[in-house]
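K.L.:
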Amino acid sequence: MSDVPHHNEDLLALAKEISMKDFHQPFLHHCKYNSRLKSVGGRYLLTTHDIEINWHYAHKVGMNGLIDTIKHELCHYHLHLAGRGYRHRDQDFQQLLQKVNGIRYADREALPSRCYRYEYKCQSCGAKYLRKNRINLKKFVCGKCHGLLSLVSELGPNHG
Ligand SMILES: [Zn+2]
Ligand SMILES: [Zn+2]
66 MSDVPHHNED
76 LLALAKEISM
86 KDFHQPFLHH
96 CKYNSRLKSV
106 GGRYLLTTHD
116 IEINWHYAHK
126 VGMNGLIDTI
136 KHELCHYHLH
146 LAGRGYRHRD
156 QDFQQLLQKV
166 NGIRYADREA
176 LPSRCYRYEY
186 KCQSCGAKYL
196 RKNRINLKKF
206 VCGKCHGLLS
216 LVSELGPNHG
């Protein structure tokens, strides 16, 4: 599918349009492609309030999939700015997502199969380990120094 916007300006225009149409509020930050995003369709950045879209993902899922992804990220955006529950587990988030007919999860078929969700770090040497599934920290230790591992981040399939 190649009907998705090619340039960041057009992607931004699309995000602004969806924001007005479905959320009745303007989107005042940046929305741009990030070709380095791998395991997620898009992400909302809490620090800058910008939205980044996985370029490869957008080109695979096409316009409808892209609109769904932008809607999802806009739910994070508007709730976060309004000081409401912007995380996936928050009721505010789930209700708003439903209201705008957004999607909870990215289309996994369009993401690389090596889609890591869990990031672990060795407490002794700092080595990082990316895993698809949770690991039992009582059973597994660092392969380099046998130090204890700890979970440092858990990535949702739809945002980073
Ligand atoms: Zn180690
Ligand atoms: Zn999300």
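Numbering (my numbering), first residue to last: 66 to 225.
We put the beta carbon where it would ideally sit given N, CA and C, even for glycine.
Since the model is a prediction, treat every value here as computed from it, not as a measurement.
1. Can S189 be considered in contact with ligand 1, in the sense that its beta carbon sits closer than 7 Å to one or more heavy atoms?
2. Let's see if you can read the secondary structure: which residues bound the alpha helix (DSSP H) around C140?
3. Which same chain residues end up closer than 6 Å to D115 when comparing Cβ atoms and leaving out the 5 residues on each side of it in sequence?
4. Which one or two residues does DSSP pair with E74 in a beta bridge?
5. Would you identify the three-state DSSP class for L79, choosing helix, strand or coil?
6. Give me whichever residues DSSP pairs with K97 in a beta bridge.
7. Excluding sequence positions up to five away, which residues of its chain have a Cβ less than 7 Å from the Cβ of G167?
8. Looking at the secondary structure, which residues open and close the beta strand (DSSP E) in which K164 lies?
9. Go through its chain and collect everything with a Cβ distance to Y183's Cβ below 8 Å, but skip five positions before and after it.
10. Go ahead and pull the three-state DSSP assignment for M66.
11. Say yes only if the C-beta of H141 is nearer than 7 Å to one or more non-hydrogen atoms of ligand 2, and no if none qualify.
12. Using 8 Å as the threshold, is the segment 156-170 in touch with the segment 73-81, meaning 3 or more CB pairs across them?
13. Compare the beta carbon distance of V69 and G106 with 8 Å and say whether it is the shorter of the two.
14. Tell me which residue opens and which closes the beta strand (DSSP E) that E184 is part of.
P.N.:
On the basis of the supplied data:
1. yes
2. W120 to L146
3. H94 and H95
4. Its beta-bridge partners do not exist; DSSP assigns none.
5. helix
6. E117
7. D133, K136, H137 and C140
8. Taken as a continuous stretch (DSSP letters only), K164 belongs to no beta strand (DSSP E), being part of the alpha helix (DSSP H) at Q156 to K164.
9. L195, R196, K197, N198, R199, I200, L216, S218, E219 and L220
10. A caution first: M66 carries a pLDDT of 46, below 50, which makes its placement in the model unreliable, though a value can still be read off. Residue state, collapsed to three classes: coil.
11. yes
12. no
13. no
14. Y183 to C187
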